[in-house]
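Following full-length UniProt numbering, the numbering of the sequence shown begins with 1 at its first residue and continues without gaps. Here's the structure we're looking at; comments come further down.
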Amino acid sequence: MNRQQEQINSQEMEKEFSSEVVRISIFNCVCQFYMLIFSCKLIWLFDSKYIIIFAWFMDLITFVIVMLDKNIGKLLSVVHFLEKVLSISFKITIVIHFEVKEIKLYYVPAAQLIITVGLFLFQVLHHDQSKRKHIIIAHSYSVLYVIQLLLLTLKWNNLFGYTYYQTFIITWTALGINTFLIILLLITMVENCFLKHIPQINGTLIFWFIFYIFGLTITPFFLLKTVCEFYESDNTYSNVKLASIAVLVCILIYLFLFVFFTFKIKKQLIIVLQLDNRQATTPKRQSQETPQKKWRRLKIPIMFIRISASYYKMLARQSTADTSTRNTSSIPICSDVLRPDSLNFRQSPCQTMMKQMKSIPKDQDSGDFCLICFENEPNVVLHPCNHGGICNNCSENLIKSTKQCFLCRSEIRYALKLNQKEGEMLEATDVQKV
C-alpha cells in the first residue's frame with residue numbers, strides 16, 4: 001500500500017509540475033502575442049480597438065482560470081472580480097476618451113492600484129514562506145503594470161509633461177528586473193543541476209533558458225524603443241516601419257522555436273521544478289524530525305533500578321545513598337524471573353535483586369536492545385507506569401501515535417531519558433512532556 005501511495009503521489013506531483021511548465025509557456029506566448037499586435041499596429045497603423053479587444057479577451061480568460069481555482073476563497077474571488085471589472089472598465093474609458101469625449105482616465109488605474117496592493121499584501125501574509133517568493137514576484141509585476149497604466153493616463157490627460165521615453169520608466173525598470181531575475185534563475189539551475197551531475201539534464205536546458213531570457217527582455221526592449229520613436233516622431237515613419245517589421249519577424253520565429261524547444265525538453269524542466277520543490281520542503285522536514293528540542297533538562301536527576309527488561313523502579317534518596325557506594329556491573333535482565341510482583345520490598349531493592357540474579361541463566365537476553373525495534377540501545381522510561389526498555393525513536397513514535405504505554409496501555413505523561421549509569425543505578429536527567 002505504501003508503494004502504491006508513493007506512486008500515486010509521484011504521479012500527482014509530476015502532473016502538477018507539468019501544468020506549471022504549461023503555465024510558464026502560456027505566459028510567455030501571451031506576452032509575445034501582445035508585442036505581435038503592437039508591432040502590427042506600427043506597420044499597418046490600424047485602429048487601437050483591436051488591441052483593446054485582444055486585451056478584453058485575455059482578461060476574460062484569466063478571470064475564468066482564477067474562478068475555477070478551488071484553492072481561492074469567496075473573499076479572494078470577489079477581489080479578483082472587482083479587479084477584472086476595473087480592468088475592463090479602464091479599456092472602455094480609453095475608447096471613450098479617444099473616440100467620443102476626453103475624460104479623466106487616471107481614476108480607474110488609481111482604484112485598481114489600491115486593490116492590487118491590498119491583494120498583494122493579503123496573499124503574502126496568508127501563505128507559507130516557501131510560496132511567498134513566487135507570490136511576491138508575480139504580484140510585483142501586477143503592481144508595476146498598474147503604475148505604468150497610471151502614468152500613461154496622466155500623460156494622456158496632459159498632467160504628466162514628460163516624453164514617452166520617460167513615461168515608460170516603469171516598463172524599462174521591469175525589463176531590467178526581469179533580466180536580473182531570469183539570470184539568477186539560470187545560475188541557480190546550473191548550480192543545482194549540473195554541479196550535482198544529474199544525467200537527465202543536458203546543455204539544451206541552458207539554451208532554453210537563454211532563449212527564454214531573449215524573448216522577455218531583448219525583443220520587448222526593441223519594440224518599446226520603436227513605440228516611443230513612433231509617438232515622439234523622433235524618426236521617419238519608414239524607419240519605424242522597418243524596425244517594426246524586423247520585430248514582427250523575430251517574434252514569429254521566436255514563438256515557433258519556443259514552443260518546439262519547450263515540448264522537447266519538457267521532462268528536464270519538470271526535473272528542475274522537482275529539485276526546486278525539494279529544496280523548499282527540506283528545511284521543514286528537518287525541523288519536524290529534530291526531537292532534541294522536545295526534551296528538557298531535569299533540575300534534579302531521578303534515580304532508577306532496572307527490575308526487569310521492561311520495568312524500572314524509581315528509588316528514594318535513602319536507597320540511592322545505600323546503593324551509590326557499590327560499583328558492581330550493570331544488572332542483567334530477565335523479565336520472566338525478575339518480575340516486580342516477585343520482589344520483597346521490605347528488604348533493600350538491591351539486596352533482593354542480587355539474590356534473584358543468581359538464578360538467571362547466563363545465555364539469557366541481556367536487554368541491550370530496544371523491546372520494540374530490537375535495534376537501538378534502550379534509554380527511555382515512561383512515566384507514571386515506569387515501563388521502559390525502549391529507545392528514543394520508539395518513544396517518539398508512541399507519543400505521536402497512541403500516547404499509551406506499549407505494555408500496560410496506560411496514559412503516558414512524561415518520557416524520561418536515562419543518560420548516566422552508576423553501578424546498579426540509572427540516572428534520568430532529561431524529560432519530555434506529552
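All C-beta atoms in this analysis are idealised placements derived from N, C-alpha and C, irrespective of residue type, glycine included.
| Item | Value |
| --- | --- |
| Between the Cα of Cys-370 and those of Ser-310, Asn-386, Arg-409 and His-383, spot the shortest distance and give me the residue it belongs to. | Ser-310 |
| Is His-80 helix, strand or coil when you go by DSSP? | helix |
| How is Val-247 classed by DSSP in three states: helix, strand or coil? | helix |
| Tell me whether His-126 is buried or exposed, calling it buried when 16 or more other Cβ atoms sit within 10 Å of its Cβ. | exposed |
| Using only the alpha-carbon positions, how far apart do Phe-17 and Ile-270 sit? | 6 Å |
| Could you check if Ser-410 is buried or exposed, using at least 16 other CB atoms within 10 Å of its CB as the buried criterion? | exposed |
| Please report the residue range of the beta strand (DSSP E) in which Cys-389 lies. | Just to set this straight, residue 389 is Gly in the shown sequence, not Cys. Where Gly-389 is concerned, the enclosing beta strand (DSSP E) stretches over 388 to 390. |
| Ends of the alpha helix (DSSP H) at Lys-104? | Lys-104 -> no alpha helix (DSSP H), and no H or E assigned at all. |
| Can you tell me which residues form a DSSP beta bridge with Ala-55? | According to DSSP, which records beta bridges pairwise, Ala-55 is partnered with nothing at all. |
| Residues in its own chain within less than 7 Å of Met-314 by CB, not counting five upstream and five downstream? | Ile-302, Phe-304 and Asn-386 |
| Please classify Glu-12 as buried or exposed, where buried requires at least 16 neighbouring CB atoms within 10 angstroms. | exposed |
| Please work out which residues of its chain come closer than 6 Å, Cβ to Cβ, to His-80, disregarding the five sequence neighbours upstream and downstream, and give them in chain order. | Val-66 |
| Looking at Ser-48 and Leu-248, is the spacing between their C-beta atoms short of 7 Å? | no |
| Would you tell me roughly how many angstroms separate the C-alpha atoms of Cys-171 and Ala-138, rounded to the nearest one? | In the sequence as displayed, the identity of residue 171 is Thr instead of Cys. About 15 Å. |
| Should Cys-408 go down as buried or exposed, given a rule of 16 or more other Cβ atoms within 10 Å for buried? | exposed |
| Should Val-380 and Lys-417 be called a contact, given that it needs their Cβ atoms to be closer than 7 Å? | yes |
| Measuring straight from C-alpha to C-alpha, what distance separates Pro-384 and Asp-368? | 23 Å |
| Report the rounded CA-to-CA distance for Ile-210 versus Leu-185, giving the unit in angstroms. | 11 Å |
| Return the chain-ordered list of same chain residues with a C-beta closer than 8 Å to the C-beta of Leu-113, the five sequence neighbours on each side being excluded. | Val-143, Val-146, Ile-147 and Leu-150 |
| Put Lys-74 into one of helix, strand or coil per three-state DSSP. | helix |
| Counting only runs that start and end within the UniProt domain "RING-type" (370 to 409), where is the beta strand (DSSP E) found for 3 or more residues in a row? | 380 to 383 and 388 to 390 |
| What residue range does the beta strand (DSSP E) around Phe-304 cover? | 296 to 306 |
| With H, G and I counted as helix, E and B as strand and the rest as coil, what does DSSP make of Leu-418? | strand |
| According to DSSP, is Phe-345 part of a helix, a strand, or is it coil? | Here the model assigns Phe-345 a pLDDT of 40, short of 50, so the residue's position is not dependable and the matter cannot be decided. |
| Taking one C-beta from the segment 54 to 65 and one from the segment 97 to 105 each time, how about it: are there three or more such pairs within less than 8 Å? | no |
| Would you check if the distance between the CB atom of Ile-399 and the CB atom of Ile-372 is smaller than 7 Å? | no |
| Kindly list the residues whose CB is nearer than 8 Å to the CB of Lys-155, restricted to its own chain and excluding five residues on each side of it in sequence; keep chain order. | Tyr-162, Tyr-164 and Thr-167 |
| Is the segment 74 to 90 touching the segment 50 to 64 in the sense that three or more CB pairs, one from each, lie closer than 8 Å? | yes |
| Indicate the three-state DSSP secondary structure (helix, strand or coil) for Val-117 in the structure shown. | helix |
| Kindly indicate the opening and closing residues of the beta strand (DSSP E) around Val-190. | Segment: none, Val-190 is in no beta strand (DSSP E) and carries neither H nor E. |
| Using only alpha-carbon positions, find the residue among Ile-307, Leu-382 and Ile-26 that is nearest to Ala-415. | Leu-382 |
| Val-124: buried (16+ other C-beta within 10 angstroms of its C-beta) or exposed? | exposed |
| Between the alpha carbons of Tyr-312 and Arg-306, how many angstroms are there, rounded? | 5 Å |
| Could you tell me whether the Cβ atoms of Met-35 and Ile-251 are closer together than 7 Å? | yes |
| For Thr-236 and Gly-118, what's the separation of their Cα atoms in angstroms? | 44 Å |
| Closest to Thr-226 by CA distance: which of Thr-219, Leu-216 and Val-240 is it? | Val-240 |
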